[in-house]
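A quick write-up on the structure given underneath.
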Amino acid sequence: MDERNIRNFCIIAHVDHGKSTLADRLLEHTGTLTPREMTAQVLDSMDLEREKGVTIKASAVRMKHTARDGQEYEMNLIDTPGHVDFNYEVNRALNACEGAVLVVDATQGVEAQTLANLYMAIDANLTIVPVLNKIDLASARPDEVAAEVVHILGGNAADILRVSAKEGIGIDELLEAIVAQVPPPRGNPTAPLRALIFDTHYDAFKGVIAYVRVMDGRIDRRTRIRLIATGVETEPMELGTFAPTMKPAGQLEAGEVGYVATGLKTIRDCHVGDTIADANDLAAEPLPGYRPVKPMVFAGIYPVETDDYPLLKDALEKLQLNDASLVYQPETSQALNFGFRCGFLGLFHMEIIQERLEREYDLDILATAPSVEYEVLMQTGQAIVIDSPAELPDPAGIAEIREPWMKVQIFTPVEYIGTVMDLVINRRGEQKEMDYLDPKRVMITYALPLSEVIIDFHDQLKSRTRGYASMDYAFLDYRSENLVKMDILVNEIVVDALATIVHRDSAYNRGSALVSKMKELIPSQMFVVPIQAAVGGKIISRANVKATRKDVLAKCYGGDITRKRKLLEKQKAGKKRMRMIGQVEVPQEAFMAILKIGGD
Numbered sequence: 000m001d002e003r004n005i006r007n008f009c010i011i012a013h014v015d016h017g018k019s020t021l022a023d024r025l026l027e028h029t030g031t032l033t034p035r036e037m038t039a040q041v042l043d044s045m046d047l048e049r050e051k052g053v054t055i056k057a058s059a060v061r062m063k064h065t066a067r068d069g070q071e072y073e074m075n076l077i078d079t080p081g082h083v084d085f086n087y088e089v090n091r092a093l094n095a096c097e098g099a100v101l102v103v104d105a106t107q108g109v110e111a112q113t114l115a116n117l118y119m120a121i122d123a124n125l126t127i128v129p130v131l132n133k134i135d136l137a138s139a140r141p142d143e144v145a146a147e148v149v150h151i152l153g154g155n156a157a158d159i160l161r162v163s164a165k166e167g168i169g170i171d172e173l174l175e176a177i178v179a180q181v182p183p184p185r186g187n188p189t190a191p192l193r194a195l196i197f198d199t200h201y202d203a204f205k206g207v208i209a210y211v212r213v214m215d216g217r218i219d220r221r222t223r224i225r226l227i228a229t230g231v232e233t234e235p236m237e238l239g240t241f242a243p244t245m246k247p248a249g250q251l252e253a254g255e256v257g258y259v260a261t262g263l264k265t266i267r268d269c270h271v272g273d274t275i276a277d278a279n280d281l282a283a284e285p286l287p288g289y290r291p292v293k294p295m296v297f298a299g300i301y302p303v304e305t306d307d308y309p310l311l312k313d314a315l316e317k318l319q320l321n322d323a324s325l326v327y328q329p330e331t332s333q334a335l336n337f338g339f340r341c342g343f344l345g346l347f348h349m350e351i352i353q354e355r356l357e358r359e360y361d362l363d364i365l366a367t368a369p370s371v372e373y374e375v376l377m378q379t380g381q382a383i384v385i386d387s388p389a390e391l392p393d394p395a396g397i398a399e400i401r402e403p404w405m406k407v408q409i410f411t412p413v414e415y416i417g418t419v420m421d422l423v424i425n426r427r428g429e430q431k432e433m434d435y436l437d438p439k440r441v442m443i444t445y446a447l448p449l450s451e452v453i454i455d456f457h458d459q460l461k462s463r464t465r466g467y468a469s470m471d472y473a474f475l476d477y478r479s480e481n482l483v484k485m486d487i488l489v490n491e492i493v494v495d496a497l498a499t500i501v502h503r504d505s506a507y508n509r510g511s512a513l514v515s516k517m518k519e520l521i522p523s524q525m526f527v528v529p530i531q532a533a534v535g536g537k538i539i540s541r542a543n544v545k546a547t548r549k550d551v552l553a554k555c556y557g558g559d560i561t562r563k564r565k566l567l568e569k570q571k572a573g574k575k576r577m578r579m580i581g582q583v584e585v586p587q588e589a590f591m592a593i594l595k596i597g598g599d
């Protein structure tokens with residue numbers, strides 16, 4: 000198709016503002032899927048996406064639309080996630096498009112991720128098409144919300160489209176606006192082939208399947224291709240478009256979005272952000288890729304059965320191909336043996352990866368409590384970076400420990416300003432700015448330690464504001480703080496996987512809360528199990544899990560007291576011997592207890 004009749008666009012919005020439902024209506028309106036094929040959130044193909052009601056993976060689909068001028072247009076849509084933990088997926092999708100449909104809920108107004116995704120789209124030089132969704136609801140405030148959108152984006156409130164994705168209102172006007180406002184691709188169809196890989200997944204029969212946006216030239220089944228970053232050459236087994244399932248095609252031309260089944264069986268040969276070029280064009284310049292992802296949260300993932308270690312390694316390799324924001328490296332633990340230290344963009348991202356490993360790869364795994372990345376300055380002047388508390392060097396040689404601080408933007412109704420401030424102050428936060436979006440809503444900007452953000456901060460924020468507040472965060476800087484390592488001892492043995500780095504002022508409260516929580520979670524043994532929290536070798540808190548006791552005196556119904564005492568002493572000696580050789584199994588809930596103790 001003539002590239003002047005191609006429109007590549009994505010849908011961006013805050014969580015639950017109706018992106019996936021709007022994508023459903025566009026597919027329905029353009030006849031891409033028949034009514035029989037349609038299901039709710041048809042582009043959310045993963046079971047996890049349907050269960051949790053959020054988009055996790057960006058999904059591409061090609062639609063045909065005949066505009067009012069009589070011309071047929073090829074519309075390549077990429078539906079993106081809205082959750083802050085998946086903003087890397089959004090970033091990759093933006094680079095494959097020329098325009099973005101910014102969806103704003105007419106009842107909720109502009110939220111944290113609305114702004115975050117908008118700024119990413121502006122940085123990528125995309126044309127923004129603002130849309131107000133859910134205008135059919137009784138609580139909709141289209142005029143007020145349109146004023147909010149104009150405040151951040153400029154323009155005229157009357158030009159902002161008003162649609163209802165649920166009822167199908169205004170969909171035709173939206174398609175016409177995309178045709179009129181989003182520019183056609185800027186590729187050169189006669190130049191040598193260059194295609195950007197913006198996503199990948201692994202297929203057992205077709206090898207690595209690359210999702211591509213062809214920037215220049217064309218590709219067909221006979222084109223021998225080269226991946227510029229890795230230098231690997233191959234011939235495509237298949238190529239095609241998304242409808243929304245993979246539909247084979249003869250070729251892909253400049254400006255089009257589709258897939259290339261490379262046939263590569265080695266996962267490391269094909270990377271997101273790499274450029275596909277013609278194998279004969281040795282002078283091909285790589286396209287600008289994506290900035291390397293920076294994980295925010297780190298945790299250890301271990302197989303429950305040590306024999307499953309190779310299976311876990313293989314599963315993480317395949318997941319990384321499908322999720323470029325996942326990073327991992329091998330590590331060992333005294334308590335848990337061999338596993339991997341994994342980096343995630345946030346706690347929700349970590350939860351999704353854990354569930355995908357268990358469901359898609361049938362693995363029984365155990366995840367340690369999450370931590371963040373610290374900079375440690377030694378007395379010698381050397382600076383080292385650690386992402387696990389177990390790696391913290393001897394305190395005697397440490398000059399200072401620096402922790403990551405985040406710029407946190409919180410959108411809340413004005414009546415909850417007090418409770419939000421109280422929450423942030425208890426988490427060592429600092430207020431920077433306060434901007435009133437309108438008389439009823441305010442945006443407050445804070446500086447907050449990341450270690451405080453990942454421990455149930457979002458849950459506390461939602462519960463204190465009855466679900467009305469939303470937040471977005473981005474890395475700010477590293478700051479020197481009075482931090483100490485807190486060890487947890489179970490049966491007088493240090494469990495390295497339970498160690499945490501905490502602020503010295505809150506060490507006692509955190510230690511007491513964690514020990515009390517673990518006392519409830521660790522099952523009773525035949526002997527007393529002490530649980531202790533220690534800082535620098537000094538015990539700051541202790542609780543005992545009481546022993547399960549057999550009544551050895553049940554058959555003694557009288558007689559000399561020495562007979563009873565003899566039986567009790569014999570039982571005591573047996574328990575002492577059992578405790579010396581006994582192993583206490585720490586359940587998964589104990590590792591996650593750190594997230595449940597709160598910061599207050």
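For the sequence shown, numbering that gives the first Met the number 0 begins at 0 and goes up steadily by one. For glycine and all other residues, C-beta sits at the position ideal for the given N, C-alpha and C.
Classified as exposed, Pro34 has fewer than 16 neighbouring CB atoms from the shown chains inside 10 Å of its CB. Distances from the CA of Arg463 to each of Val413, Asn336, Lys484 were compared; the closest alpha carbon is that of Val413.
Under the 8 Å Cβ criterion, the stretch 5-17 counts as touching the stretch 176-186, having at least three qualifying pairs. Under the three-state reduction of DSSP output, Thr444 falls in the strand class. When DSSP states are grouped into helix, strand and coil, Asn508 belongs to the helix group.
Per DSSP, Ser540 lies in no alpha helix (DSSP H) segment; the continuous beta strand (DSSP E) that holds it begins and ends at 537-544.
Residue pairing by DSSP places Arg24 opposite no residue, since no beta bridge is assigned to it. Secondary structure in the stretch 57-92: no alpha helix (DSSP H) run of 4 residues or longer lies completely within the stretch. Taking a cut-off of 8 Å for Cβ pairs, the stretch 139-150 and the stretch 188-200 do not touch, as fewer than three such pairs fall below it. Within the DSSP secondary-structure output, Val162 pairs in no beta bridge. Apart from sequence neighbours up to five positions away, the residues of its chain that approach Thr547 with a beta-carbon distance below 8 Å are Ser523, Gln524, Met525, ordered along the chain. Glu252 carries a strand assignment under DSSP once its states are collapsed to helix, strand and coil.
The beta-carbon separation of Gly206 and Ala260, rounded to 7 Å, stays under the 8 Å limit for a contact. Under DSSP, Asp104 shares a beta bridge with Asn132. Beta-bridge annotation (DSSP): Thr126 is paired with Gly98.
Inclusion of Lys133 and Ala99 in the CB contact set at 8 Å is not warranted, their separation being larger than that value. Take Phe297, set aside five residues on each side of it, and the residues of its chain with a beta-carbon closer than 8 Å to its own are Arg340, Cys341, Gly342, Phe343, Pro369, Ser370, Val371, Glu372, Asp386, Ser387, in chain order. Taking C-alpha positions only, Cys96 is separated from Tyr415 by approximately 38 Å. Contact between Leu101 and Val130 holds, with the beta-carbon distance rounding to 7 Å and staying under 8 Å. Taken in chain order, the unbroken stretches of alpha helix (DSSP H) that lie wholly in the stretch 432-498 and span 4 residues or more are 449-452, 456-463. For the pair Val14 and Gln107, the CB atoms are not nearer than the 8 Å cut-off. For Thr29, the three-state secondary structure derived from DSSP is coil. If you ignore the 5 residues before and after Gln250, its C-beta comes within less than 6 Å of the C-beta of Arg217, Asp219, all in its own chain and listed in chain order.
Using a Cβ distance threshold of 8 Å, Pro188 and Ala146 do not count as a contacting pair.
Taking Gln319 as the centre and dropping the five residues before and after it, the same chain places the C-beta of Leu325 closer than 6 Å to its C-beta, in chain order.
Glu350 has its alpha-carbon roughly 14 Å from the corresponding atom of Asp363. The three-state secondary structure of Lys246, taken from DSSP, is strand. Shortest Cα-Cα distance from Ala209 to any of Asp268, Met470, Glu316, Phe337 involves Asp268. In the three-state DSSP reduction, Pro302 falls in the strand class (E or B). Residue Ser479 holds the alpha-carbon nearest to the alpha-carbon of Ala382 among Gly466, Ile151, Gly154, Ser479. Note on geometry: alpha-carbon atoms of Glu237 and Leu114 lie some 39 Å from one another.
When the alpha-carbon of His502 is set against those of Gly466, Gln531, Pro448, the nearest one is in Pro448. Per DSSP, Arg220 has no beta bridge partner at all.
Fewer than three pairs of CB atoms, one per stretch, sit closer than 8 Å, so the stretch 389-403 makes no contact with the stretch 455-472.
For Gln531, the pairing in a beta bridge is given by DSSP as Leu488, Arg541. If you draw a 10 Å sphere on the C-beta of Ala282, you find fewer than 16 other C-beta atoms in it, and that means exposed.
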